[in-house]
Amino acid sequence: MLYALLALMAPLWSRSRDRTAAQREAPDTSVSRLLVLVATVLFVILSILIVDLYRDELQGLGLLGGAERIDAIFMSP
């Protein structure tokens, strides 16, 4: 799994090492893929926390289900 993650991140690292001096001086207007990934992860975490915080209100509006109880036999080891 670690190898797959490193292979996924390799293009991000290789692109920064391949730049020449002229490219480093020019302003870069492209968006970093790592920045987009971090922003997406933070957005998902914030969304989960907001839904958890307002769970009762969302259930009252009918936007969130899960009012059924789980049978205790399924919760045992």
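Throughout, this note's numbering is defined as the position within the sequence shown, counted from one, plus 1496.
Cβ coordinates follow ideal geometry from the N, Cα and C atoms, glycine included.
No Cβ-Cβ contact shorter than 8 Å links LEU1530 with LEU1501. VAL1547 has its alpha-carbon roughly 12 Å from the corresponding atom of GLY1561. For ARG1565, no alpha helix (DSSP H) encloses it, and the DSSP letter there is neither H nor E. Setting aside the 5 residues that flank it on each side, LEU1533 has no residue in the same chain whose C-beta is closer than 8 Å to its C-beta.
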